[in-house]
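Asks:
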Amino acid sequence: MYLDLYIFAALLVLGFFFGRLAEKKHFKSIIEREKKYRQLLTFSGRLLPPDLDRADAELVGGNVVISIDYFKRIAAGLRSIVGGRVTTYESLLERARREAILRMKEAAIAKGATMVVNVKLETSSITKGKGQQIGCVEVYAYGTALSPILA
Amino acid sequence: MTKYENRRIPEGINVSEEHPLKEFLILAFGLGTITALVVLLLSLMAGWLVHFIPFSLEKSLATSSFSTNTSSDVVLTSEQLEIEGYLQLLANKLSAAQHLPEGMEVVVHYVDGDTVNAFATLGGNIIMYRGLIEALPHENALAMLLSHEIAHIKQRAPIISLGRGVAVGLALASISGFGDSSMSHQLIGNVGLLTSLTFSRHQEEQADIEALQTLENYYGHAQGAESLFEILSEGDYALKPPKLLSTHPITEERINRVRHFNGSHVGRASYKPLPKFLVNISQGLD
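Quick note, the sequences are listed as chains A and B, same order.
All residue numbers in the first sequence are consecutive under this note's numbering, ending with 151.
All residue numbers in the second sequence are consecutive under this note's numbering, ending with 437.
Set out below in structure tokens:
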């Protein structure tokens, strides 16, 4: 009985510190890379800019899976009793979305693209195991990369 | 080509700037308090409702399990029967000294086991282990033990804790069922456990006081009662849980209570020795 309590507390503390550390590091890296790749334009629109020169079109995608930590899970569990914004999951999804777009951009840059149009996002939770717990989230970003045709 | 650009999106739109611990602590303390209140309320109600369950009904609930237990599994030797008979006789005298209500009677079961323990259970049944009895120095300490258990019967403690266990267990299961994480169940479960332990601790304290009063009625004094707690603290109980997690009041407190109770009696009273056959079991085994 006491052991349960101690393990629970230890996991909670561990989850909090490591989770927070990982999140801080991740956000820092996301902000840096977003600045770096800002020149590569991305649009959610399906239609191309009307005055675009001839370009090669190719599918590019970026995929990320991020796991929640123990602390986030407990906090979300408590939140689910009273309702309201699940802030611990909001930051998780924000990281996943932005990371997926960044990876898609990286893929596009590798192909020499200057623009990605028709960008879409797909989200799915991967683990729905014991007790229907959401263990981690997957976000997939994909779009059509346009690379100028060099004459 | 027209000039397009992807502007920098400001931070903090989708992510709350609030420290996650703040939200967590508010939720944990809030829900913890609510859970504690629910458990407290249900525990109080269980204690109150139990008076509507007649003792005879409690007895019939217990009889089925006890009759099969004693007849098939354990066959007592003549020595053990002698000990059980002696314990029963003493229990009867102490029940009278404790003014057990009409229709409520105590049945003592002797168990030839090394466990240093004794407990009262449903239907006025008291289980006494050889392990504890043989460690007791005199009859006064044994009487303290028996009176404590008889006091639990008088409190209706076994059926109260059964009812409380069912009610609180159901309530906790329902509350935690709303969360989607089994870990929040654990948090709620632990709060519930701590609250109900506080309750049983109160019962133990009451039983100690009642037992001391019984000894006073029976022997004319309650000295020697502290020997029981000294034995309990020496034995395998050395691994003491912190007070918050313990059902029984910690030993020093119990011994102090005995001393306080005996404060008015200055002279040293004589202790009644245990009957010879009880002394023999302990010496033969040592």
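Built from N, CA and C at the ideal position, the CB exists for glycine as well.
From a predicted model like this one, the values you see are computed outputs, not experimental measurements.
Do you know offhand how far ALA55 (chain A)'s Cα is from LEU102 (chain A)'s?
Replies: One C-alpha to the other measures close to 22 Å.
Asks: Under 6 Å Cβ to Cβ from ILE234 (chain B), same chain only, skipping five residues before and after it: list those, please.
Replies: Result list for ILE234 (chain B): TYR261, in chain order.
Asks: Should HIS170 (chain B) go down as buried or exposed, given a rule of 16 or more other Cβ atoms within 10 Å for buried?
Replies: Result: exposed.
Asks: Do you know offhand how far LEU208 (chain B)'s Cα is from MET196 (chain B)'s?
Replies: If I take the Cα positions, the gap works out to 19 Å.
Asks: What residues from chain A crowd round LEU182 (chain B), counting only those whose CB sits closer than 7 Å?
Replies: The contacting residues are LEU78 and ILE81.
Asks: Using alpha carbons as the reference points, say which of A:LEU11, A:LEU40 and A:ILE66 lies closest to PHE27 (chain A).
Replies: Closest option to PHE27 (chain A), Cα to Cα, is A:ILE66.
Asks: How is ASN63 (chain A) classed by DSSP in three states: helix, strand or coil?
Replies: DSSP places ASN63 (chain A) in strand when its eight states are reduced to three.
Asks: For ASN368 (chain B), name the three-state secondary structure that DSSP assigns.
Replies: Of the three classes helix, strand and coil, the one that applies to ASN368 (chain B) here is helix, per DSSP.
Asks: Apart from the five residues on each side of it in sequence, which residues of its chain come closer than 6 Å, Cβ to Cβ, to ALA308 (chain B)?
Replies: Contacts found: GLN354.
Asks: Using Cβ-Cβ distances below 9 Å, what residues of the segment 40-62 of chain A are close to chain B?
Replies: Here the close residues are LEU40, LEU41, THR42, PHE43, PRO49, PRO50, ASP51, LEU52 and ASP53.
Asks: Relative to the C-alpha of LYS35 (chain A), which residue among A:LYS105, A:GLU122, A:THR127 and A:LEU146 is closest?
Replies: Measuring from the Cα of LYS35 (chain A), the nearest candidate turns out to be A:LYS105.
Asks: Taking the beta carbon of ARG315 (chain B) as the centre, do at least 16 other beta carbons fall within 10 Å, making it buried, or is it exposed?
Replies: Burial call: buried.
Asks: Below 8 Å CB to CB, which residues in the same chain sit around GLN231 (chain B) once its five sequence neighbours on both sides are set aside?
Replies: So the qualifying residues of the chain are TYR261 and ASP263.
Asks: Which residue from B:SER421, B:PHE412, B:ILE360 and B:MET295 puts its Cα closest to that of GLU381 (chain B)?
Replies: Nearest option by C-alpha distance: B:MET295.
Asks: Let me know the secondary structure DSSP gives THR184 (chain B) once reduced to three states.
Replies: Helix at THR184 (chain B).
Asks: Are GLU361 (chain B) and ALA302 (chain B) closer than 9 Å when you measure CB to CB?
Replies: Cβ distance < 9 Å, so GLU361 (chain B) and ALA302 (chain B) count as in contact.
Asks: Quick check on this structure: which residue in B:SER378, B:ASP359 and B:TYR369 has the alpha carbon closest to the alpha carbon of SER246 (chain B)?
Replies: Among B:SER378, B:ASP359 and B:TYR369, the Cα nearest to that of SER246 (chain B) belongs to B:TYR369.
Asks: So is PRO161 (chain B) in contact with chain A if we call contact Cβ pairs under 9 Å?
Replies: Chain A, which has no Cβ nearer than 9 Å to the Cβ of PRO161 (chain B), makes this no.
Asks: Whose C-alpha, out of A:LEU78, A:ALA22 and A:LYS25, is nearest the C-alpha of ILE185 (chain B)?
Replies: Measuring from the Cα of ILE185 (chain B), the nearest candidate turns out to be A:LEU78.
Asks: So if DSSP puts LEU41 (chain A) in a beta bridge, which residue, or which two residues, is it bridged to?
Replies: LEU41 (chain A) pairs with A:MET115.
Asks: Can you give the Cα-Cα distance for LYS210 (chain B) and LEU12 (chain A), rounded to whole angstroms?
Replies: The straight-line gap from Cα to Cα measures roughly 46 Å.
Asks: Please classify LEU59 (chain A) as buried or exposed, where buried requires at least 16 neighbouring CB atoms within 10 angstroms.
Replies: LEU59 (chain A) should be labelled exposed.
Asks: Counting only beta-carbon separations shorter than 9 Å, does ASN165 (chain B) have a partner in chain A?
Replies: Taking Cβ atoms only, chain A reaches closer than 9 Å to ASN165 (chain B), which makes this a yes.
Asks: Report yes if the CB atom of ALA22 (chain A) is closer than 9 Å to the CB atom of ASP51 (chain A), and no otherwise.
Replies: Result no, Cβ atoms of ALA22 (chain A) and ASP51 (chain A) do not sit closer than 9 Å.
Asks: Would you mind giving the Cβ-Cβ distance between ALA100 (chain A) and VAL139 (chain A), rounded to the nearest angstrom? I have them listed as a contact below 8 Å.
Replies: Right, the Cβ-Cβ distance comes to about 4 Å (below 8 Å), so this counts as a contact.
Asks: Does the beta carbon of SER332 (chain B) sit closer than 9 Å to a beta carbon anywhere in chain A?
Replies: With a pLDDT of 49 at SER332 (chain B), under the threshold of 50, the predicted position of this residue should be treated as unreliable, though the coordinate-derived value follows. Yes, SER332 (chain B) counts as interfacial toward chain A.
Asks: Please state the DSSP three-state secondary structure of VAL137 (chain A).
Replies: If DSSP states are grouped into helix, strand and coil, VAL137 (chain A) belongs with the strands.
Asks: I want to check one thing, is the minimum distance from the CB of ASN291 (chain B) to the heavy atoms of the ligand MG below 8 Å?
Replies: Inclusion of the ligand MG in the displayed structure is not the case, the ligand content being empty and no account of it being possible.
Asks: Would you mind stating whether ASP53 (chain A) and ILE126 (chain A) have Cβ atoms separated by less than 9 Å?
Replies: Going by C-beta atoms, ASP53 (chain A) is not nearer than 9 Å to ILE126 (chain A).
Asks: What's the call for LEU192 (chain B), buried or exposed, on a 16-neighbour Cβ count within 10 Å?
Replies: By the 10 Å Cβ count, LEU192 (chain B) comes out exposed.
Asks: Strictly under 9 Å for the Cβ-Cβ distance: is THR144 (chain A) near chain B by that measure?
Replies: No, no contact with chain B.
Asks: In chain A, which residues lie with their C-beta within 7 Å of the C-beta of ASN268 (chain B)?
Replies: Here the premise fails: no neighbours, minimum Cβ distance about 18 Å.
Asks: Examine chain B for any beta-carbon lying closer than 9 Å to the beta-carbon of THR127 (chain A), and answer yes or no.
Replies: Judged by the 9 Å Cβ criterion, THR127 (chain A) is not in contact with chain B.
Asks: Exposed or buried, ILE164 (chain B), counting other C-beta atoms within 10 Å across all chains shown (16 or more means buried)?
Replies: Burial call: exposed.
Asks: On the three-state DSSP scale, how would you describe HIS170 (chain B)?
Replies: In the structure shown, HIS170 (chain B) sits in coil (DSSP, three-state: anything other than H, G, I, E or B).
Asks: Give me whichever residues DSSP pairs with SER125 (chain A) in a beta bridge.
Replies: Answer is A:VAL137, bridged to SER125 (chain A).
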